[in-house]
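Student: Residue numbers (the UniProt record's numbering): 1 to 771. Note that CB positions come from ideal geometry on N, CA and C, so glycine has one too. Before anything else, here's the structure in question.
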């Protein structure tokens with residue numbers, strides 16, 4: 001039998017007569033296979049601290065068995081019959097539990113009572129930070145968990161046929177009494193709980209008692225709960241006890257790193273996992289109750305008292321010699337810090353933000369790593385990048401006709417080496433940096449304050465988008481050839497064409513055709529960013545497949561084209577508002593022609609007809625990187641405006657003393673704050689919901705950010721007068737660059753149409769839900 005994940009050989013203290021079990025199942029379990037002749041095999045699940053659980057296999061049939069431990073037991077514990085009863089009721093009601101198949105009260109079969117259920121194939125996450133999932137999936141998994149809990153609490157006992165399952169009113173009092181006995185000791189937390197019982201204490205919902213993410217089985221590919229496990233502690237009582245217990249790990253004491261098989265870290269540092277407030281909001285929405293929950297401090301304190309009691313019980317079973325946990329001897333050390341945490345939570349009066357956030361960075365919280373990297377970036381910018389700005393500006397201010405105009409000053413390569421040595425590299429790519437989009441938004445804002453800073457950290461366009469494409473969709477050979485030489489080569493992206501309206505990319509005319517083991521490309525591209533970079537070695541080209549009878553969005557492909565390929569020609573650089581090298585040092589923008597350009601078929605990315613699919617992936621997080629950086633440019637422009645307004649005198653007073661200028665300053669600050677908040681909201685939406693579900697937020701910020709920054713830069717130019725449009729200030733260059741964003745990332749009109757469409761859909765859904 002192939003080993004079931006998460007299982008071990010049956011431990012010595014839990015062994016039973018497998019032959020006797022097989023004989024019993026063959027007589028009493030419908031569908032149990034009599035063939036093949038091989039004996040029933042069993043392995044023990046390593047998880048579970050109470051009732052031992054086993055994986056059974058006979059031929060192709062798979063089952064799970066739960067039983068009582070052998071030997072002396074704690075009073076009132078290990079009620080196998082109750083587990084079976086509640087699972088039968090819930091399975092019949094359509095709630096996701098493994099189908100219960102057979103209950104056996106005859107202890108002569110394997111030495112204890114037991115029951116058998118169907119084996120459910122899916123994913124179980126032992127580490128509550130879900131390191132194997134993407135940030136967006138983590139959010140979806142946690143939301144699915146809390147929605148399932150709300151579904152459980154929505155059942156009425158009568159509808160389930162579970163009248164009399166619990167012990168009636170007084171649940172909270174009984175819980176304190178029960179776990180106080182388990183604890184074997186009087187303590188301050190127990191006294192507080194008994195003295196602060198919720199008024200009434202008469203709730204009688206069905207509750208799980210041990211509801212947490214590692215007691216759930218998720219669909220193998222979808223963020224959907226397909227089975228809730230371990231119903232030993234289920235009873236009737238107050239549903240907030242389940243909710244608080246599920247969310248208790250948000251406050252996990254730093255002294256304790258493990259509980260059983262699951263690593264429990266500080267969840268707020270795990271990218272993508274919703275905040276406590278968000279989980280509570282989802283739960284209340286699903287149940288149709290107010291988010292103004294009273295007595296939440298009691299239930300969080302009760303949860304930690306209960307967990308301390310569970311740990312004490314595991315240790316007690318270790319002393320009795322019948323614990324299911326391999327590391328049960330460690331649990332005694334957890335009891336005190338757990339009780340101390342419960343006491344601290346009892347004193348909290350609110351579980352939302354304790355104070356109003358003083359900045360967007362506090363409203364949209366960065367992870368601990370994000371804060372650390374942001375601080376390092378700020379220090380690096382202050383110590384190395386800003387001091388080099390004058391040298392770089394003077395280098396690029398040389399004769400436009402110089403053959404060296406596309407080369408980079410040596411200081412840029414030096415700074416890149418320094419940044420990479422300090423680990424400040426590829427910060428935009430979550431899979432590499434470990435940063436969330438909110439983390440990176442605030443970092444990108446900092447780099448946006450200097451026009452060449454993004455390249456120093458290898459976070460500049462178009463390389464960021466191209467690296468995302470290869471990272472997400474490239475083959476292993478493509479990644480090895482083009483991603484590994486990071487910082488040594490650069491790339492360009494070829495999509496826009498001069499002869500068609502590119503606001504509708506299906507107009508594309510540049511063609512790609514399979515010829516034997518090659519693809520042949522013919523057509524024109526322009527605004528190919530980065531093509532003039534002396535280190536540009538490769539282009540990613542989007543072209544239309546010939547003779548492809550598919551939908552208009554399945555007729556385009558992306559392919560890797562090395563720059564030295566015969567037939568590829570750089571026709572001319574394009575100026576932006578007269579700036580020929582606006583995107584220096586990144587390589588400007590070029591018109592490129594492809595004449596019978598032939599590349600190996602292995603250079604195709606992902607597959608024929610999947611160009612738009614890749615483009616949407618490329619324009620996911622990358623779609624708001626420009627917005628993030630432009631906020632930093634706006635801050636620089638506002639700083640220039642304020643300095644100028646404080647220095648210059650007109651008509652007998654400083655510029656800022658003129659009401660119109662003071663209003664410009666105020667409106668600029670308002671515009672920056674508004675744009676930053678919407679940018680961070682979009683970043684947060686990508687972190688928690690994924691790019692596809694954050695389309696409206698992405699589209700909104702792509703309209704708002706360039707408009708807001710242009711407004712600030714225009715005010716700054718006006719305050720600086722003639723100097724504002726000269727080379728003495730970066731404002732004219734800044735204005736030209738930001739103005740292009742209203743076209744380069746898709747025209748405002750396209751984004752506005754998309755926003756309107758999505759808003760109408762959302763409004764229709766809300767109307768339907770009210771009917």
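1) Return the Cβ separation of residue 142 and residue 279 in integer angstroms, given the expectation that the two are a contact with Cβ distance under 8 angstroms.
2) Provide the residue span of the beta strand (DSSP E) that contains residue 213, from first to last.
3) Do you know offhand how far residue 648's Cα is from residue 725's?
4) How is the beta strand (DSSP E) around residue 523 delimited, first residue to last?
5) Residues in its own chain within less than 8 angstroms of residue 629 by CB, not counting five upstream and five downstream?
6) Within a Cβ cutoff of 7 angstroms, which residues of the same chain sit near residue 201, ignoring the five residues on either side of it in sequence?
7) Buried or exposed: residue 346, going by 16 or more other Cβ atoms within 10 Å of its Cβ?
8) By the 10 Å Cβ neighbour count, where 16 or more other Cβ atoms means buried, how is residue 506 classified, buried or exposed?
9) Distance, Cα to Cα, residue 432 vs residue 426?
10) Figure out for me which residue from 656, 14, 519 and 491 has the closest Cα to the Cα of residue 535.
11) Quick check: what's the CA-CA separation for residue 694 versus residue 441?
12) Where does residue 439 land, buried or exposed, given buried means 16+ other C-beta within 10 angstroms?
13) Keeping to the same chain, check which residues put their C-beta closer than 7 angstroms to that of residue 335; ignore five residues upstream and five downstream.
14) Check the DSSP bridge columns for residue 379 and list the partner residues they point to.
15) State the CB to CB distance for the pair residue 63 and residue 117, rounded to an integer number of angstroms; the pair is presumed to be in contact (CB under 8 angstroms).
16) Below 8 angstroms, can you find three or more Cβ-Cβ pairs linking the segment 199-217 to the segment 238-251?
17) In its own chain, which residues sit with a C-beta less than 8 angstroms from the C-beta of residue 192, not counting the 5 before and 5 after it?
18) Which residues does DSSP pair with residue 217 in a beta bridge?
19) Quick one: is residue 285 buried, meaning 16 or more other Cβ sit within 10 Å of its Cβ, or exposed?
20) Measure the alpha-carbon distance for residue 537 versus residue 565 and round it to whole angstroms.
21) By Cβ distance below 7 angstroms, which residues in the same chain neighbour residue 157 in space, the five residues on each side in sequence not counted?
22) Taking 8 angstroms as the threshold, find out whether the segment 653-664 comes into contact with the segment 704-720 through three or more Cβ pairs.
23) So the alpha helix (DSSP H) residue 541 belongs to, where does it begin and stop?
24) Which residues bound the beta strand (DSSP E) around residue 515?
25) Can you check which of these residues, 740, 672, 519 and 296, is closest to residue 597 by C-alpha distance?
26) Tell me where the beta strand (DSSP E) around residue 197 begins and ends.
27) Please state if the CB of residue 367 and the CB of residue 275 are separated by a distance shorter than 8 angstroms.
28) Tell me the DSSP bridge mates of residue 118?
29) For residue 69, does the three-state DSSP call read helix, strand or coil?
30) Output needed for residue 103: all residues of its chain with C-beta closer than 6 angstroms, excluding positions within five of it in sequence on either side, in chain order.
31) Could you tell me the distance, in whole angstroms, from the CA atom of residue 652 to the CA atom of residue 723?
32) Assuming the contact rule is C-beta atoms closer than 8 angstroms, residue 640 and residue 729 should be a hit. Round their C-beta distance to whole Å, please.
33) According to DSSP, simplified to helix, strand and coil, what is residue 124?
34) What are the residues that DSSP puts in a beta bridge with residue 649?
35) Near residue 671, which residues of its chain fall below 7 angstroms by C-beta distance, leaving aside the five closest residues on each side in sequence?
36) From this set, 499, 422, 680 and 714, which residue's C-alpha is nearest residue 458's C-alpha?
Tutor: Walking through what the data contain:
1) 7 angstroms
2) Premise fails: residue 213 is in no beta strand (DSSP E) and is neither H nor E.
3) 17 angstroms
4) 518-529
5) 444, 445, 447, 448 and 454
6) 169, 170, 171, 172 and 173
7) buried
8) exposed
9) 7 angstroms
10) 491
11) 15 angstroms
12) buried
13) 308, 311 and 312
14) None, per the DSSP bridge assignment.
15) 7 angstroms
16) yes
17) 301, 343 and 346
18) 227
19) exposed
20) 10 angstroms
21) 163, 165, 204, 206 and 236
22) yes
23) Residue 541 -> not in any alpha helix (DSSP H); beta strand (DSSP E) instead, spanning 536-545.
24) 511-515
25) 519
26) Counting along the chain, residue 197 falls outside any beta strand (DSSP E), and DSSP gives it neither H nor E.
27) no
28) 63
29) coil
30) 84 and 115
31) 21 angstroms
32) 6 angstroms
33) coil
34) 654
35) 708, 711 and 712
36) 422
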